[in-house]
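Asker: Quick one: structure below, then a few questions.
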Amino acid sequence: MKKWLWLFAVITIGLAVTYDLQQGTLPSSHEPVVKTDTTAVDADYIKHEVQPGETVLTIVEKIHHTQPPVSIEEIQTDFTALNNGQAPKHIQPGTAYRFPLYHESD
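FYI, full-length UniProt numbering numbers position 62 of the sequence shown as 62, with every residue one higher than the one before it.
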């Protein structure tokens with residue numbers, strides 16, 4: 001009789017753990033966060049085909065003929081926003097990307 005009780009307890013615990021891991025028993029309190037930033041998407045940009053050896057920073061400096069009036073982090077953030085999440089470090093030669101244009105008042 002004790003063997004049957006132990007077997008029943010192990011099976012019940014096993015089923016409970018399996019259900020908990022697959023379905024969960026607590027309601028999800030995580031709401032999806034939607035972050036919208038329209039500044040970079042609405043900003044001016046120029047489309048440029050990347051040549052071998054070019055980086056996002058060198059292209060932006062070439063477009064502006066000098067150091068742009070914003071930080072490198074802002075350039076990276078704006079580039080990513082203009083190019084649907086494309087990381088600045090993973091650009092490919094021969095591919096055209098959108099590069100942000102900055103004005104002195106920015």
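Every residue gets a Cβ at the ideal spot worked out from N, C-alpha and C, and that includes glycine.
Please work out which residues of its chain come closer than 7 Å, Cβ to Cβ, to Leu57, disregarding the five sequence neighbours upstream and downstream, and give them in chain order.
Answerer: Locating residue 57 in the sequence shown gives position 57, counting from the first residue. Counting only Cβ-Cβ distances below 7 Å, and skipping sequence neighbours, we find Ile72, Ile75.
Asker: Can you check which of these residues, Val60, Lys3, Thr55, is closest to residue 126 by C-alpha distance?
Answerer: In the structure as shown, the chain begins at 1 and stops at 106. Residue 126 is therefore absent and cannot be evaluated.
Asker: Would you decide whether Pro68 is buried or exposed? Buried here means 16 or more other CB atoms lie within 10 Å of its CB.
Answerer: Position 68 of the sequence shown, counted from the start, is the residue given in the question as residue 68. Answer is buried; the Cβ neighbour count reaches 16.
Asker: What first and last residue would you give for the alpha helix (DSSP H) that runs through Ala96?
Answerer: As a first step, residue 96 must be located in the sequence shown, where it is residue number 96. Careful: Ala96 lies outside any alpha helix (DSSP H), inside the beta strand (DSSP E) at 96-100.
Asker: Helix, strand or coil for His48? Go by DSSP, reduced to three states.
Answerer: Against the sequence shown, residue 48 aligns to sequence position 48. Note: His48 maps to strand in three-state DSSP.
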